[in-house]
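Chains as they are written, first to last, in this note's numbering: chain Y, 1 to 445; chain X, 1 to 435.
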């Protein structure tokens, strides 16, 4: 430990080895058998259970919980995977507090929903630890499908297609599969290289080939693919981020939060990652929270989230907001950065307060201002799609799809963050990938 | 509140005795029980020497809730496995040291008068307060012609009880087995033989589980199992019914009954008392939680008595018996309907599932097009299943229809006249009014 939390500037090794290990260990470790049984007993097995409809993949939650309570973890896992082949990752990263657990009747009854996410992890971990893949592939039907991107949408689509007997070829721009599962999730939510282990497990179905380092638009085009495949699924996610413009002198301090999170996932030794003493994160979504929390965990002294609207407008859930503040992150709302200056060798960020104009409903800057120290600024104000928009009909800057995930181009389907119906959620991407696979199957046979 | 209890003239500071079972097998336990506040004990059943032996593997099986709460337990333990004189010596010392507590000695010897004649003077010598004849134990000893093998034959009960009564001055309680078709016959036989009281229930013959890997019943002894005696909270309803039957039987009403079977809380005890038990005996609850529960039992019972302005335990005894009747005398003109409190409803839909799938299709699943559950009065027969499955207390309740109201299911006006099956027109043997 050559540095401390108080070392100025952006430096590495702020913490001891033990602190790094503790900080980036499993945030919500799996249930023991006993914990799972007791928690499973809390499920009321509701009629037409609200949790099922609150789940984008519509997992039969009461059934898998009942299977856990009767000591059938593998069958419980299969109930989950039938609907969501990435149920293991979703159990770790789903904002359950705004999905199934929010709908749980025990939330209404006592404010303590059944811990569905953790039960799901219990079941899926249990079968994956045994290395059981509970599906077999139909005999090959001779049809070839191209899938662009190996993130949640692409993987879910590929698995379902492979199961149905298709030969799937995935085109992945990076040299590692997983998309946001591999690069976009806070490290403490997916420890022990879970994302790549999950993909290894998923690929056991067979019939899926991944071509790495193949970037759409550079190495191949949609038109080329259309000539050689029976159908195409696009799950390429969002490649670009929105940039903030403060002033040009601030630019060297500003980094993309997405890149920071990706680096954290790939690094082997956390002490090698430099982090500022005073970190500012701009944004109000999960990316902002993940960047801020992990800055704190890397040993930053002060981490501040700046969000231009109020807490209720943040797309990060209350639970995630609380998680951040419990780690020491300060959340300042109704403020926007305006300029930066240097004083005694320290950068300071000037901010203006904001409010929603009563008449226009638009956000406006107020005269009142303040400033905070900022060695490093992470920008987390959203990602964007700037690909293919000339090929497909688009909506809100993303590929437009119909209710069967079909695009405006013949034989091309799409899902996940790159489509207009994308919800910036792993579980929604999985649902669209799966549904697209079924739709492709229906259109071919 | 004074919980002083008197059963067959035997006084104890409260009506809670520890039943004849492992907790009362030796001086060490009984002293600790008395120090904790138990009113009395029925000493673990004594037999003739040579002392019996127990299995050397597990003796108890269990039925658990998912949170490991012990809901029911069974055992294949036999009567005391210590020499007779050891027990007798300890009983004598304990009774001397705790003169205000009840000390009853449970006995089980072969069905020969000489056996009883030989043991009774030895028990009298201890100056214990009374005897309990173990005609209830359904496992092990019954194979040897004792325990429930006697309790299942009213003639044997009467015979043995008579032998005992004619050879001792001590009060005699006969402990009955529930493993019989009609409890009234063994109870009548006991009193015919001169018993001063009956106690019930002993354990219910049971196999609690089968190991699905080894295919052995549990508890498993070297891969084999045998039926045991079931007890604990799960058997309370059986015990309450049997106690009430004896309390209602014209041949045995007003006889003394010691209530046993799943008494776990003060409420359980109060229920036994209201159905005619003069006191209660507890075992499984003590074996689950230790002797300390006596503080809850006594304080709970006295608080409830205070609230109800009941001054003595004896006032509770049999208080509910006049309300126990036969089905045929239930008032068929009493009409109720389930109603769901929408403010309390959490919309789990369990009431809907049970009513729709297994009952009377009397609950609707939407209210103004939204998820919500409401009783359809036209269909509701008031069966109570919705209340049984509702996870929220008092969310679904039964509303009594007032006389004059229309029962929407039958279209008939609710009458304030009591009418039962005996006079119902559908009853082929109903009493018809004279033409």
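No residue lacks a Cβ here, since even glycine has one placed at the ideal position from N, Cα and C.
Only a predicted model underlies this, so the values are computations on that prediction, with no experimental measurement involved.
First through last residue of the alpha helix (DSSP H) which encompasses residue i
| i | result |
| --- | --- |
| residue 182 (chain Y) | 180-183 |
| residue 37 (chain Y) | 33-40 |
| residue 31 (chain X) | 27-36 |
| residue 269 (chain X) | 266-274 |
| residue 156 (chain X) | 154-165 |
| residue 355 (chain X) | 350-358 |
| residue 91 (chain Y) | 87-93 |
| residue 364 (chain Y) | From DSSP, residue 364 (chain Y) is part of no alpha helix (DSSP H) but of the beta strand (DSSP E) over 363-373. |
| residue 397 (chain X) | Premise fails: residue 397 (chain X) lies in the beta strand (DSSP E), 396-400, not in any alpha helix (DSSP H). |
Among the options, the one whose alpha carbon lies nearest that of residue i
| i | options | result |
| --- | --- | --- |
| residue 121 (chain X) | X:148, X:166 and X:100 | X:166 |
| residue 13 (chain X) | X:298, X:62 and X:107 | X:298 |
| residue 461 (chain Y) | Y:269, Y:196 and Y:117 | With chain Y running from 1 to 445 in the structure shown, residue 461 (chain Y) is simply not present. |
| residue 40 (chain Y) | Y:142, Y:33, Y:69 and Y:16 | Y:69 |
| residue 384 (chain Y) | Y:366, Y:416, Y:403 and Y:410 | Y:416 |
| residue 192 (chain Y) | Y:309, Y:301, Y:266 and Y:249 | Y:266 |
| residue 8 (chain X) | X:29, X:131, X:171 and X:96 | X:171 |
| residue 48 (chain Y) | X:183, X:351 and X:383 | X:351 |
| residue 331 (chain X) | X:174, X:365 and X:418 | X:418 |
| residue 256 (chain Y) | Y:38, Y:234 and Y:382 | Y:382 |
| residue 291 (chain X) | X:18, X:10 and X:3 | X:18 |
| residue 378 (chain Y) | Y:245, Y:234 and Y:7 | Y:245 |
| residue 340 (chain X) | X:366, X:397, X:381 and X:293 | X:397 |
Cutoff 8 Å: residue i Cβ touching any chain X Cβ
| i | result |
| --- | --- |
| residue 446 (chain Y) | No answer is possible for residue 446 (chain Y): it lies beyond the span of chain Y, which begins at 1 and ends at 445. |
| residue 126 (chain Y) | no |
| residue 37 (chain Y) | yes |
| residue 74 (chain Y) | no |
| residue 186 (chain Y) | no |
| residue 123 (chain Y) | no |
| residue 93 (chain Y) | no |
| residue 114 (chain Y) | no |
| residue 46 (chain Y) | yes |
| residue 105 (chain Y) | yes |
| residue 108 (chain Y) | yes |
| residue 69 (chain Y) | yes |
For residue i, the residue or residues it bridges with in DSSP
| i | result |
| --- | --- |
| residue 283 (chain X) | Paired residue(s): none; residue 283 (chain X) is not in a bridge. |
| residue 455 (chain Y) | The question about residue 455 (chain Y) has no answer, for chain Y in this structure spans 1 to 445. |
| residue 231 (chain X) | X:73 |
| residue 371 (chain X) | X:366 |
| residue 218 (chain X) | X:209 |
Residue interval of the beta strand (DSSP E) (run including residue i)
| i | result |
| --- | --- |
| residue 175 (chain X) | 172-175 |
| residue 122 (chain X) | Run containing residue 122 (chain X): none in the beta strand (DSSP E); it sits in the alpha helix (DSSP H), 113-124. |
| residue 82 (chain Y) | Not the beta strand (DSSP E): residue 82 (chain Y) falls in the alpha helix (DSSP H), residues 73-83. |
| residue 438 (chain X) | Nothing about residue 438 (chain X) can be read from this structure; chain X reaches only from 1 to 435. |
| residue 256 (chain Y) | 254-256 |
| residue 390 (chain Y) | Neither: residue 390 (chain Y) is in no beta strand (DSSP E) and is coded neither H nor E. |
| residue 126 (chain Y) | Per DSSP, residue 126 (chain Y) belongs to no beta strand (DSSP E); it is in the alpha helix (DSSP H), 116-129. |
Min CB distance residue i to chain Y below 8 Å
| i | result |
| --- | --- |
| residue 233 (chain X) | no |
| residue 350 (chain X) | yes |
| residue 341 (chain X) | no |
| residue 362 (chain X) | no |
| residue 208 (chain X) | no |
| residue 217 (chain X) | no |
| residue 408 (chain X) | no |
| residue 196 (chain X) | no |
| residue 392 (chain X) | yes |
| residue 62 (chain X) | no |
| Does the region 153-166 of chain X come close enough to the region 104-120 of chain X to have 3 or more Cβ pairs within less than 8 Å? | The answer is yes - the region 104-120 of chain X touches the region 153-166 of chain X, with three or more Cβ pairs under 8 Å.
| task | Flag this pair as touching only if the region 407-420 of chain X and the region 332-346 of chain X have three or more C-beta atom pairs under 8 Å; answer yes or no. | result | yes
| Segment contact, 8 Å Cβ cut-off, at least three pairs: the region 199-218 of chain X with the region 126-136 of chain X | yes
| query | For the 8 Å Cβ check, are there 3 or more pairs between the region 373-380 of chain Y and the region 347-364 of chain Y? | reply | yes
| Would the region 337-349 of chain X and the region 97-116 of chain Y be scored as touching if the rule is three or more Cβ pairs under 8 Å? | yes
| query | Just checking, does the region 205-215 of chain X make contact with the region 30-45 of chain X on the three C-beta pairs under 8 Å criterion? | reply | Touching, no.
| query | Is the region 307-326 of chain X touching the region 364-376 of chain X in the sense that three or more CB pairs, one from each, lie closer than 8 Å? | reply | no
| Touching or not, the region 406-415 of chain Y and the region 218-231 of chain Y, by the rule of three or more beta carbon pairs under 8 Å? | The region 406-415 of chain Y is in contact with the region 218-231 of chain Y.
| Are three or more beta carbon pairs between the region 197-211 of chain Y and the region 165-181 of chain Y nearer than 8 Å? | yes
| query | Does the region 262-282 of chain Y come within contact of the region 299-306 of chain Y, defined as at least 3 CB pairs closer than 8 Å? | reply | yes
| If we count Cβ pairs, one from each stretch, closer than 8 Å, do we get three or more for the region 66-80 of chain Y versus the region 137-151 of chain Y? | no
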